[in-house]
Amino acid sequence: MDIKGPTAQSKHTKAKAEAVLCQPASAFLPVIDEVYRTLTARTAPIPGATVENNKFCLSVHFRCVQEEKWRALEEQVRSVLKEYPDLRLTKGRKVLEIRPSIEWDKGNALQFLLESLGFADSNDNVFPIYIGDDRTDEDAFKVLRSMGQGIGILVSKIPKETAASYSLREPSEVKEFLRKLVRSKQRD
């Protein structure tokens, strides 16, 4: 994950802010590229399966794969990963994610952003809002809850256990929430 921090001065940054780069998994780039090529070839015979290279992780999407082929797809992915013990597999909503076995998730990324922007311990006019619809977003929800700062919002039609403070049912509700948030700020 490449995260570039602030480069302009603000009241939350040092007088001379420098770009902050976070690359916790850069050593894994060649391996991730190799696994991407292998998985693309191995999953090609499964209609609807797609492999996405997200630079520091891979996503094997099976939203368009017939349900009876899901197990075969996961077996293909697991057989490739046997050769790469430094990579781990996590399951999301109709997606298998392959990432380096390092302590880095969406919660770590959120914490890094808040710290690099000078907002980690800030209570003055800073209210982080994290909106997500996947299991992998739970780490970010937990960070906000543990900091007692901001809110997490889960997007799900189905009620489920979550560390998020609130939930919305679908993307159209997210859009409406954000619209109302902007309007309320414009009135201030």
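Under the working numbering, the very last position in the sequence shown is 176; numbers go up by exactly one each time.
Glycine included, every Cβ here is placed at the ideal spot set by N, Cα and C.
For clarity, every value in this text was computed on a predicted model and none was experimentally measured.
In the DSSP annotation of this structure, the continuous segment of the beta strand (DSSP E) that includes L156 starts and ends at 154 to 156. Put simply, of K163, G138, P159, S160 the residue whose alpha carbon is nearest the alpha carbon of A151 is G138.
Here E85 carries a strand assignment [DSSP, helix/strand/coil]. Unbroken alpha helix (DSSP H) runs of no fewer than 4 residues, entirely contained in the segment 91 to 120, are found at 94 to 104, following chain order. The C-beta distance from P88 to F16 rounds to 4 Å, short enough to meet the 8 Å contact threshold.
Within the segment 16 to 76, the complete beta strand (DSSP E) segments of 3 residues or longer fall at 38 to 41, 46 to 49, listed in chain order.
Contact check between the segment 119 to 126 and the segment 82 to 99: three or more CB pairs, one atom from each, fall below 8 Å, which counts as touching. At the C-beta level, L132 and V143 stay beyond 8 Å of one another.
As a beta-bridge residue in DSSP terms, G80 pairs with V83. About 17 Å separates the beta carbons of K79 and A128, which is beyond the 8 Å limit, so they are not a contact pair. With distances taken between CA atoms, K148 lies nearest to E126 out of K163, E126, S134.
In this model, P35 and V65 are separated by some 15 Å (Cα to Cα). Burial state of S67 is exposed, judged by a 10 Å Cβ sphere holding fewer than 16 other Cβ atoms. Excluding the 5 residues flanking it on each side, Q54 has same chain C-beta neighbours closer than 8 Å at P35, G36, in chain order.
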